[in-house]
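Residue numbers (our numbering): 6 to 248. Heads up: the structure comes next, in structure tokens.
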């Protein structure tokens, strides 16, 4: 169970074109939807940790190494949850056809519709970090499935996160560390009554919990010695150390 005092840790995930953020404090929590990453960072400027499920640190050629290959090796049985990150040139392309051309030119591979679908959000965060450089390497990338595995004795959670059994399994794991996990979900559903999809807020919650654990035990990254992209942003996935 979380023991840190006087903390404020934020987890963020994409939520139907917007963002959902969970903020955990010693005696309270907040869960809200936001229109932009800038809104979240303004609200939680003094957070002790702020971790987001979006690629941060973008490669521009095949020599720029991101954590995806290592993450897939680690997440045995769940490697499909790690998608290929487009090159920065593709992220800034005007349409899917141009994005494929840029990815082929710089990575020698095409770009799947799944990877392209998240380009708008990747670009939003990348533009924000370029605009407000104090957030570089302060707003950190994390992957929920990596965090869940760390909280689950190093075992990937194989149940589908979009199905009730997968969501219940993840909440069971979260409650070992944060006993108000159900209340976070309940408040989200109360505030957004039309939403029945809760996997996004569960993902945001695990990133916030991982942030608190990182404050207690220290943070680790995948890879341990990450490269920086051309803009000086570390290409890494961050999580709180469990064992």
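Where a beta carbon is used, it is the ideal one built from N, C-alpha and C, also for glycine.
Item, Value
"Alpha-carbon to alpha-carbon, residue 164 and residue 82", "10 Å"
"contact_flag[the stretch 232–241, the stretch 63–79] where n(CB pairs < 8 Å) is 3 or more", "yes"
"Delimiting residues of the alpha helix (DSSP H) encompassing residue 54", "Premise fails: residue 54 lies in the beta strand (DSSP E), 54–57, not in any alpha helix (DSSP H)."
"Neighbourhood of residue 127 by C-beta, 8 Å cutoff - its chain only, sequence neighbours within 5 removed", "59, 60, 63, 90, 91 and 96"
"Among 206, 142 and 185, nearest to residue 23 - alpha-carbon criterion", "206"
"Environment of residue 6 [buried if 16+ CB atoms lie within 10 Å]", "exposed"
"Extent of the continuous alpha helix (DSSP H) to which residue 111 belongs", "101–112"
"The stretch 205–223 contacting the stretch 146–163, beta-carbon criterion three pairs below 8 Å", "yes"
"The stretch 11–31 touching the stretch 43–53, judged by at least three CB pairs closer than 8 Å", "yes"
"Residue nearest to residue 98 in terms of C-alpha spacing, selected from 202, 125 and 114", "125"
"Reference residue 55, options 226, 21, 13 and 93, closest by Cα", "13"
"Pick from 237, 203 and 18 that is closest to residue 138, judged by C-alpha positions", "237"
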